[in-house]
Structures are given as structure tokens and as C-alpha cells.
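Residue numbers (this note's numbering): 641 to 1134.
Before any comments, here is the structure.
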Ligand SMILES: Cc1cc2nc3c(=O)[nH]c(=O)nc-3n(C[C@H](O)[C@H](O)[C@H](O)COP(=O)(O)OP(=O)(O)OC[C@H]3O[C@@H](n4cnc5c(N)ncnc54)[C@H](O)[C@@H]3O)c2cc1C
Ligand code: SF4
């Protein structure tokens, strides 16, 4: 409350921040903490990104002061984090107040502080003519200082309500929904088919971007706040909807976009060709000491690896394959390389569609763009040995750009392991949604109305399962919204 009053006073005074801007050191430029040394980090799976010092963070926060109309929070951040005012508190060294301000909108800053593409920075006003403020880094400093100082503690609700809610799926969307409903006093049970909660935070995103004990640290707090986790339970097959209906007043499906896009070319049935998620999940299971089932023990060690798909999932496969000791790693992409800077149709404050080099790309591997994949070749035992490719150029036909193969550009890549990182095509078959006959949209996602209600009253859906594959920050924002919708539904129906 004290912080809100302060914020209100400042906004009504209007020019407080601009006054500070007039006094700031104009020479301060963007500073990123950088990564650990490549040779060192390739020998382990620990987090690669370093942290700013406290003084550097304060200086970076000061860069926020020159902003008149911030686009970062209302426009860009799906959680609407109150970024300029939070950074003002950082600059003043009021770290605990900054934490409280951050937690107003954000349930788990420690996740996005590590893996958010920082949509906020794409629309930072400074970005018009210089480098944007390091907003994501400051978020990391605030939350990690909060944990280090013991300020992040369980905050159970003061009063409990009688209704129980079931959340199916423990990815960022399910966790955010569970957190919000629990704080409102509902009794929440999260069901998860995997052994550990966290969804793609736990089993998809590599440890070198998000260490798994960061997730476990948060789950421990959520349990202490009163949320129940029932893991290794596939809802729809291990337990039925009838069972849920007897125990819970509302059900929220947050099962994610689990179906990987396939590549239908000759040789696809050869051994050694996997979806990216199979490969990444195996490594994350090794990290947390979870046993691998038969056929799950996929490794890149001593192999030539071809990753098909030039996006972030492909880049995660690249970093993982290099750490496992791959002989060579190739990443091929059918689209052209993005431009270095913004183009005329991609002006500020839109998200910059520019070429990005991930920490994994800096570590090794060979990247190709404008490449079509024609067929896999194998040996007598049925193992993949090579990928046949050709170059394409993008030509305009009937108003659309299509890839056209260039003549005499065929080539092959040696490949004893192929990873398909071609994105996801929705939730795929889901035992509960299918048993209930829930309507789906044209992309196969679960159809929901404006209040996240599916075609069955009392059953809600959100996150990647309803919107298609997206980002952690959007999944969390969806989780908060669906929780609000469930609360309104129960307030009006019960
Ligand atoms: C490899 C990879 C890397 C990524 N990296 C980033 C990144 O760096 N930054 C970023 O912002 N986004 C990233 N993303 C995207 C991001 O992870 C997702 O958008 C986000 O996790 C979606 O959250 P969600 O809660 O909707 O679903 P998910 O995280 O997919 O969680 C769904 C959960 O539901 C469970 N479930 C499904 N069906 C059932 C059932 N019937 N019963 C019980 N449990 C069930 C699943 O096991 C899973 O745990 C990445 C995605 C991938 C695949
Ligand atoms: S969650 Fe992402 S978009 Fe929002 S403030 Fe943090 S880094 Fe920026």
C-alpha cells in the first residue's frame, strides 16, 4: 500500500522521473553481464549467463529515467510489469521495495529473468536511437537479491474458501493459475503427468539457460503456501473426469502444445531421427537424476548431428549436443537469415524481427539458411547416415513468398543423429479433452471463449494448449487471467 501511494503521488506530480533524468549521467550505456567463458561452460550444464553487480544494476536502472512515455509495460510485457517505477527503486538502492513492486504483477520473476526474450526491451523508448535498458537483467537482480536476503517467503492466503480447483498441467501457465487461485483462498491441486512439476521449464528448456533447482525452489514455496501437487498422474487415463467432478468445483486444462511438427520426407522411418523434445527431455532427466525409460537414452556423443529448424528449440539442441560431445553439429533452416537491423515495416515499438545469436550459437556448430531437406539416407542396419539438402530462394508467386529450389545446389550432410526442431502443432491427442469431446479450433488448439471457458461449462483452458506454442511470459499471463475468470465464474454460479 505504501508503495502504491508513493507511485500515485509521483504520477500526479508528473515530472518526477524527468527531473531525475536531467541530473543523470548521459554517458551511461547499456551493459550486459555476458556469459561464462565458452571453453569452461561447454564442460558443464550450469547456467551460462552471468549477473550484473549491484552497482552496475543501479546504473542501468538510471537509464530508465530519460523515458517520458514508457511502452515497456502497458504495451509490451504481457504481465504489465511496472518497469520504470521498479527500476527507480533499484536505482535508489531500495531493493526490497523493488521486489514488492515486481511481485505485484509477476508471480515467478526468476523464470522470465532467465529465459524471457524481453519483449519489454524491444519497445524500450531508448531503443529508438540507442540500446534499450537491460530490463530482464534488472528483474533477475531484484528476484535473486530477494531470495538471497530471505525476502521471498511463502505467503499463504489469510482466509480459505471452500471451493477446490483442479489445474491439469504444471507448466508456467498452470503454475501461475494455481498461484493466483491459491492466493485468493481456493484449495488448488495441480496434476502433472511427468515426475516433476514445471512443464517445459523443467523438461524442455536446457539447464544451461534455466537451472532446475530454480524451479524446485519455487515449487517448494508453492507447496508451503498450500498448493497440492500430484505428479506422475495423467488426467484422462489415470483419473477420470467423473473423479474430478466429484472433487473440484472447476477444472483448468493447461496441458501445453505437446505435438511436434513432423517432416514427411523419404527415410523418415530410419533410426536416429528424433523430435527435439525427445532429445532435450532426456538430457533434463539426466540433470535431475530421473531414470530414462527404454529408448529414451538419446545422446549426441561422437556423432554428426543435424538439427532441422533454425529457431530457439533448435538452438537449445545445439548447445546440448555440443556439451554431450558431438563430433559436428549442423543447424539448417528453410527461411532466409533475418536482417541485422529493423526494416521499414518493422519499426519501433514492434518486436524487432532481427537476426539473433543465442549463447549456444556462440559456442560452435555450423548454421545454414535457405535450405530445403529432401531425403534421409541410411545404412543396411536402418540407421540414418546422411541428409540430402538443396538451396532455395524465396520467390513471390500470387502475392505470397514461396521457396523455390535452386538448380545444381544439392549437397549432403553426414548425420548419425537428426533432431527435428520444427515447432509444435497444438496439444495433439489429449485423453481428457478427447473424452469430453472439447471443441478445437482450426489449428487443433482447445477452443475457449473470451473467459477461457471451453465448450464444456466449468472446464477452462489456457496457455499453449489454447493459444498454440508461445512464450513462458505469455503462458504465465494467461494463467493469471484464467484464474481470474474461474474466480468470477465461481462467484456468479455458486
Ligand atoms: C525446447 C523449448 C525451449 C523453449 N524456450 C523458451 C524460452 O527460452 N523462453 C520462452 O519464453 N519460452 C520458451 N519456450 C516456450 C515455452 O516453454 C512455452 O510457451 C511454455 O512452457 C508454455 O507453458 P504451458 O504451461 O502452457 O505449457 P507447458 O510448459 O507445455 O506445460 C504443460 C504441462 O502439462 C502436462 N500435461 C499435459 N497433459 C496432461 C494430462 N493429461 N495430465 C497431466 N498433465 C498433463 C505436461 O506434462 C506439461 O508438464 C520453449 C519451448 C520449448 C519446447
Ligand atoms: S517478463 Fe519478460 S517482457 Fe515482462 S518485464 Fe520481464 S523480461 Fe520484460
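Built from N, CA and C at the ideal position, the CB exists for glycine as well.
Using a Cβ-based criterion (distance less than 7 angstroms to any ligand heavy atom), does residue i qualify as near ligand 2?
i            : result
residue 727  : no
residue 717  : yes
residue 1060 : no
residue 760  : yes
What does DSSP give as the partner residues of residue i in its beta bridges?
i            : result
residue 1026 : 1017 and 1054
residue 871  : 832
residue 715  : In the DSSP output, where bridge partners are listed per residue, residue 715 has none listed.
residue 1034 : 1043
residue 1064 : 900
residue 883  : None; residue 883 has no bridge partner.
residue 1080 : 1086
Under 8 angstroms by Cβ, that's how I've got residue i and residue j pegged, so tell me the actual separation to the nearest angstrom.
i            : j            : result
residue 893  : residue 1099 : 7 angstroms
residue 959  : residue 973  : Actually they are not in contact, since the Cβ atoms of residue 959 and residue 973 sit about 16 angstroms apart, beyond 8 angstroms.
residue 1092 : residue 1127 : Actually they do not touch by this definition, with Cβ atoms about 12 angstroms apart.
residue 873  : residue 833  : 6 angstroms
residue 786  : residue 822  : Not a contact, Cβ separation roughly 20 angstroms.
residue 727  : residue 704  : 4 angstroms
residue 876  : residue 839  : That belief does not hold up - the Cβ atoms of residue 876 and residue 839 are roughly 17 angstroms apart, past 8 angstroms.
residue 908  : residue 1016 : 7 angstroms
residue 782  : residue 854  : Contact doesn't hold; Cβ gap of about 15 angstroms is too wide.
residue 1062 : residue 901  : 4 angstroms
residue 688  : residue 999  : 5 angstroms
In the DSSP assignment, find the unbroken alpha helix (DSSP H) run with residue i in it and report its ends.
i            : result
residue 1113 : 1112 to 1133
residue 1106 : 1104 to 1107
residue 675  : Premise fails: residue 675 is in no alpha helix (DSSP H) and is neither H nor E.
residue 783  : 775 to 789
residue 751  : 749 to 755
residue 919  : 916 to 928
residue 701  : 694 to 702
Is it right to say residue i is buried, meaning 16 or more other beta carbons lie within 10 angstroms of its own, or is it exposed?
i            : result
residue 702  : buried
residue 768  : exposed
residue 983  : exposed
residue 985  : exposed
residue 802  : exposed
residue 1118 : buried
residue 1034 : exposed
residue 755  : buried
Nearer than 7 angstroms: is that true of the beta carbon of residue i relative to any heavy atom of ligand 1?
i            : result
residue 1105 : yes
residue 756  : yes
residue 953  : yes
residue 632  : Outside the modelled stretch of the chain, which goes from 641 to 1134, sits residue 632, for which no answer is possible.
residue 1071 : yes
Is residue i near ligand 3, going by C-beta to nearest heavy atom under 7 angstroms?
i            : result
residue 1096 : Ligand 3 is not part of this structure, which contains only ligand 1 and ligand 2.
From what residue to what residue does the beta strand (DSSP E) around residue i run?
i            : result
residue 1007 : 1006 to 1008
residue 944  : 944 to 948
residue 972  : 968 to 972
residue 806  : 804 to 808
residue 826  : Where residue 826 is concerned, there is no enclosing beta strand (DSSP E), given that its DSSP letter is neither H nor E.
residue 890  : 890 to 893
residue 1099 : 1099 to 1101
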